[in-house]
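Okay, so here's the structure we're looking at.
Residue numbers (our numbering): 337 to 706.
Right under this line is the structure:
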């Protein structure tokens, strides 16, 4: 290198960071990714312990969507955190990650709401209103049409809030550093936010203040159960995933973010973050705490660098941590590959969901060939 040449600036993705009481080895977060590898009873087994331990180099792992109660189950072989066996199964996972010198690990709490089926959970789904899920769902008997959910009574709402708080306590007992409340992607909390799925006329529906109430009360109960430094929240403003239509996205999040900020969870996790869109800048401006950004990645982005460039851009625009998903799926040593510029394994999509073995899950090679 000549005197006029300068070494490339080190990427901020690999800086250490602090999240509440946790010291993270980097700003790279493994995003929560459903893979249907739990047992039929929702108990995590050795497959899942191996999978997460292989990826322990992430600064923070947010483990996949996990149901706080039986009626909230979305698909077959989704893990739960509401029985002693499930707690023990997750304890094997967190022990394996720590044995591999892993960093922090949170567990995403996900209730499917109307995104569920009696053949899977054994229950009629519960939802804010009796609005049928208009898509097909994977069940033990293959893909089937969604069913009309039962509108939640006020007692159902209160019981579900309690279930989230209990699930958070169970997660801490299982060895997690904290939990992420899933208020995104058209699941139950997101259904309460959206006009087309929440047609209630009581205090849990109607105007924006009523529709944000369930998310706010769940987060409040979970924070009271395990402490603010153990609680994050995930949101997906304006995304029509699982056929939700918010209708007044700007008004929803102008009300929701200040209400959450008063409870002060340790982070907000924004999915589909795009530094080119005004929404990202607005959320960064209005959220006073740690912001995890999960970028929108094209196929070209994934093939080029797994999201590294966009992650760096989001850090420049104010994000604190960067959550990436598919890169971690196919690359157990994803952090090392990004750091060194090594080529990335391609995801084998046929093994992403609705299959239950090690193939396409724990058999991706590392740079060392194992």
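Virtual Cβ for every residue (Gly too), placed ideally from N, Cα, C. Just so it is clear, the structure is predicted and the values come from calculations on it, not from any experiment.
Does residue i pass the burial test, meaning 16 or more other C-beta atoms within 10 Å, or should it be called exposed?
i: residue 635; result: exposed
i: residue 352; result: exposed
i: residue 679; result: exposed
i: residue 629; result: buried
i: residue 490; result: exposed
i: residue 454; result: exposed
i: residue 576; result: exposed
i: residue 670; result: buried
i: residue 550; result: buried
i: residue 620; result: buried
i: residue 612; result: exposed
i: residue 477; result: exposed
i: residue 422; result: buried
i: residue 545; result: exposed
i: residue 624; result: exposed
i: residue 389; result: buried
Considering only their Cβ atoms, is the gap separating residue j from residue i smaller than 8 Å?
i: residue 417; j: residue 520; result: no
i: residue 513; j: residue 358; result: yes
i: residue 601; j: residue 569; result: yes
i: residue 399; j: residue 442; result: yes
i: residue 579; j: residue 522; result: yes
i: residue 501; j: residue 485; result: no
i: residue 452; j: residue 409; result: yes
i: residue 411; j: residue 474; result: yes
i: residue 662; j: residue 638; result: yes
i: residue 530; j: residue 515; result: no
i: residue 592; j: residue 518; result: no
Whole angstroms is fine: what's the gap from residue i's alpha carbon to residue j's?
i: residue 365; j: residue 420; result: 28 Å
i: residue 574; j: residue 581; result: 8 Å
i: residue 684; j: residue 667; result: 11 Å
i: residue 461; j: residue 703; result: 44 Å
i: residue 599; j: residue 654; result: 22 Å
i: residue 528; j: residue 548; result: 7 Å
i: residue 368; j: residue 435; result: 21 Å
i: residue 695; j: residue 376; result: 18 Å
i: residue 697; j: residue 394; result: 17 Å
i: residue 584; j: residue 597; result: 20 Å
i: residue 427; j: residue 506; result: 10 Å
i: residue 594; j: residue 559; result: 16 Å
i: residue 384; j: residue 373; result: 7 Å
i: residue 340; j: residue 660; result: Low local confidence applies: a pLDDT of 48 at residue 340 is under 50, so the model's placement there is unreliable, with the coordinate-based value given in what follows. The straight-line gap from Cα to Cα measures roughly 36 Å.
i: residue 686; j: residue 692; result: 12 Å
i: residue 701; j: residue 392; result: 15 Å
i: residue 631; j: residue 606; result: 8 Å
i: residue 622; j: residue 656; result: 14 Å
i: residue 590; j: residue 386; result: 41 Å
i: residue 488; j: residue 536; result: 10 Å
i: residue 337; j: residue 556; result: In this prediction, residue 337 has a pLDDT of 48, which is less than 50 and means its spatial position is unreliable; what the coordinates show is noted afterwards. About 55 Å.
i: residue 543; j: residue 534; result: 10 Å
i: residue 493; j: residue 641; result: 43 Å
Report, in whole angstroms, the separation of the C-beta atoms of residue i and residue j, which I expect to be a contact under 8 Å.
i: residue 380; j: residue 429; result: 5 Å
i: residue 526; j: residue 572; result: 7 Å
i: residue 658; j: residue 665; result: Going by Cβ atoms, the distance from residue 658 to residue 665 rounds to 16 Å, so no, they are not a contact pair.
i: residue 447; j: residue 498; result: The pair is not a contact, with the Cβ atoms about 12 Å apart (cut-off 8 Å).
i: residue 362; j: residue 349; result: 6 Å
i: residue 674; j: residue 644; result: 5 Å
i: residue 407; j: residue 457; result: 6 Å
i: residue 689; j: residue 354; result: Not a contact, Cβ separation roughly 34 Å.
i: residue 483; j: residue 532; result: The Cβ separation is near 17 Å, so there is no contact.
i: residue 449; j: residue 396; result: So it is not a contact: roughly 27 Å between Cβ atoms.
Consider the C-beta atom of residue i and the heavy atoms of the ligand ATP; say whether any pair is separated by less than 7 Å.
i: residue 594; result: The ligand ATP is absent from the structure shown, which contains no ligand whatsoever.
| request: Pick out the complete alpha helix (DSSP H) segments inside the segment 493-551, 4 residues or longer, and give them in chain order. | output: 524-529, 544-547
| message | Please give the ranges of any alpha helix (DSSP H) in the segment 545-592, keeping only runs that are unbroken, at least 4 residues long and fully inside the region. | response | 549-562
| request: Ignoring anything shorter than 4 residues or poking outside the segment 342-416, list the alpha helix (DSSP H) runs there in chain order. | output: 382-390
| said: Threshold first: 4 residues or longer. Then list the alpha helix (DSSP H) segments lying entirely within the segment 650-684, N to C. | reply: 662-666, 670-676
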